[in-house]
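What follows is one structure encoded as structure tokens, with my remarks underneath.
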């Protein structure tokens, strides 16, 4: 038989396009996705069978579908995995006549447009390979006969099971799944989840079916239900959520025009619109889609855990394992907490929260058993309004919070089992809610639980090395559970519109009243939720050398206990937003603010003259350690006013003096760099005759050299010299990988000095690259220019999406109008910048010029 390959290719492409078009035009239902996967599989079946018949394949050869194709689940742009099962291996038989027919068949598949992944083996080779590679073993379990010798296919099935060690297979697949979950941050709530590989994705469901196949417990959900591994209700839930994940993956492939399993920001809106979602004032279309995805992924995670534990128990026979009676409600079965009866929660709703308290109090238990997880899953209906109002449940929840250990583990379990959202209805509203602020990388509920975890770690001695100062403060804090509650509620009102801090304070006040928290404790919790952003804002945006700023902040917190609690919550909150947001410089700013506020709370307003004299004395003592003659500091210090000494600590003053005492009147710029005292990045000193474009030239150099400015302290001496100090980090660490810090310091000192001394016009800013997140969720730039309280200087605040070279763009615009920068507070929040500058200049006193500056800044930022 011969085949017209071009005609078959044309027909195949037309048939596939028709199926995809029909799917695109249909209502987005789970049945439409399931139907498409089957139809695509059948289409490919027919083409492969035609090609198989057209080639002189040896007698007894068999074509087998494996992988997703073997499951009859062929997604629009998935690979087509096939196994060519031969009667004899050509290399063993010494018969090379098989090669042309096999090669011809595979080549014809690619000519048609089938992207096949093929392997050519005998039954014996398959069995040997499967014993070495669990991936091969897995693909053989779901093999499907296509054409050729059915007897040989049956021999393959028999050999697969004969050589299968079920216990070893389960262990290997569980380790594989754990590794995959770790790769995807152990959460189904990533903002760009992989609908196939992330926890709660399609792969988790496939793992369950692989284990069931290996244990001969069934091939589908109905089989598992018949074998009492699933209830009919759970089987329906699995089918419904699996159908949604398949539907999303089909749409992803179709919209992307390629194999794409990640719900990336670029595609979320298009996918959402294909589902019929539209933007509303309260919710974006993409947010509606993602919330639906997260709820499905959460259900899959819960049911996946129940099923895997059930299968393991069935295979290992642990259903007959000896049990330890904990009390009349619970048992210890093989290290897992098990309900004494399946209807426990229907009979006794108080036992629901007691389950988690019991797990928390018994340090020997590894987790909840499959039976307990199933009972909780089926008890969601009894957790109603009266359950939430029940004083007994209130007492149990407070006991969980006040236990000596286990809050992190229990809170995560409460959320995973949906109990937390049903007990705290306000929490349920933020489960799976995305945050499009280019700051957080987790959904709201996951961020909250991350903050709870961070707070809890401050009270665990084993984690003291992470944040020693936080651990020191936490060890003296009397009631850690107050901080757990504040962490649990600090963002709970996100997504409602309005100030989530104020709305959250109202919610936590209600919680305190319901749970018997009163007096100073209730006031503290309410304050922490309402003011949880205050300390971060003051530390990163205001001038901490200004006594008025410190006094105002100290008055706001009121006392040391509140200050300590707010500091601990603030550190935990920033750490829980994104791995990229926290750095040592932010930590130093917060610690400095804490210590300054604590000093202010301890007495009267700081006496600046006494403070400055103290810093000078400490700086002189440091200079003596370098055997410098007394009085060498006088010439430099006489040119510096009180604001310089107020903004720099004694160590920095001593360093500046050592570097500059010989060069006070030098016409050449002096640049010195050293490792930062905070242990991250470099500290760079620039001393040069002042000019309006100096800050812009420095920013331009750091941008070109791939450094990001974390902080800038800018001062002009009485003799017209700029004395500026910068805290910098490598914006691209890979660029300096393997470079010794001494070489990096030498590079900065040489190149920056040349850049500052240059008289060439400022170079045009490069068009900075924006990340995908910024392109998908741009925020409109904002510029505010207003006089300070004394009307002597101006406060410029800038908010915009981050991109490389942004600070240079701002500095260049200011330099163009002769505006001098006296202080810069550079704050990068994920992929959003919020920078604050203290500026002076004659142009700012003219309304027209001021408007021009603001307009140009907005244009440059956009």
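Numbering (the numbering used here), first residue to last: 19 to 880.
We put the beta carbon where it would ideally sit given N, CA and C, even for glycine.
Here the structure is a predicted model, which means the values were calculated and not measured.
Per DSSP, the unbroken beta strand (DSSP E) holding residue 733 starts and ends at 725-734. Distance check between residue 371 and each of 388, 352, 383, 397 places 397 closest, using alpha-carbon atoms only.
Contact annotation, residue 451 with residue 512: C-beta distance approximately 6 Å; criterion of less than 8 Å satisfied.
Residue pairing for residue 375: DSSP places it in no beta bridge.
Note on residue 318: 16 or more other CB atoms within 10 angstroms of its CB, so buried under the neighbour-count rule.
Listed as beta-bridge partners of residue 841 by DSSP are 731, 856. When Cβ pairs closer than 8 Å are counted between the two stretches, the region 90-105 is seen to touch the region 153-173, the count reaching three or more. Bounds of any alpha helix (DSSP H) do not take in residue 596, whose DSSP letter is neither H nor E.
Between residue 80 and residue 170, the gap from beta carbon to beta carbon is short of 8 Å. In the DSSP assignment, residue 348 falls within the unbroken beta strand (DSSP E) covering 348-351. Residue ranges of uninterrupted alpha helix (DSSP H) with 4 or more members, entirely inside the region 412-475 and ordered along the chain, are 425-434, 437-441, 443-446. Boundaries for residue 75: no beta strand (DSSP E) harbours it, and the DSSP string shows neither H nor E there. When rounded, the separation of the alpha-carbon atoms in residue 586 and residue 676 is 37 Å. Taking each of 435, 177, 666, 209 in turn and checking the Cα distance to residue 284, the smallest one comes out for 209. Out of 215, 149, 346, 606, the CA that lies nearest to the CA of residue 698 is found in 606. In the three-state reduction of the DSSP assignment, residue 642 falls in the helix class. Selection 515, 556, 501, 565 evaluated against residue 545 yields 501 as nearest (Cα-Cα). Secondary structure of residue 141 (DSSP, three-state): helix.
In the three-state DSSP reduction, residue 207 falls in the coil class, being neither helix nor strand.
If you draw a straight line from the Cα of residue 604 to the Cα of residue 729, it is about 10 Å long.
Residue 876 and residue 801 have their alpha carbons spaced roughly 7 Å apart. By the beta-carbon neighbour count (other beta carbons within 10 angstroms, threshold 16), residue 183 is exposed.
Residue range 700-707 is occupied by the beta strand (DSSP E) that includes residue 706, with no alpha helix (DSSP H) assigned at that position. Secondary structure of residue 234 (DSSP, three-state): coil. The region 629-642 and the region 697-717 do not touch, with fewer than 3 CB-CB distances between them shorter than 8 Å. Counting the other Cβ atoms within 10 Å of the Cβ of residue 250 gives fewer than 16, which makes it exposed. When DSSP states are grouped into helix, strand and coil, residue 746 belongs to the strand group. Of all C-beta pairs linking the region 349-368 to the region 377-395, three or more are shorter than 8 Å, placing the two stretches in contact. When DSSP states are grouped into helix, strand and coil, residue 134 belongs to the strand group. Residue range 162-166 is occupied by the beta strand (DSSP E) that includes residue 162. Apart from sequence neighbours up to five positions away, the residues of its chain that approach residue 308 with a beta-carbon distance below 6 Å are 452, ordered along the chain. Assigned with DSSP and collapsed to three states, residue 259 falls in helix. Contiguous alpha helix (DSSP H) elements confined to the region 262-309 occur at 283-292, taking only those with 4 or more residues. Taken through DSSP and simplified to helix, strand or coil, residue 248 comes out as coil.
In this structure, the straight-line span from the alpha carbon of residue 415 to that of residue 551 is close to 27 Å. Pairing residue 306 with residue 259, the inter-Cα distance amounts to about 16 Å.
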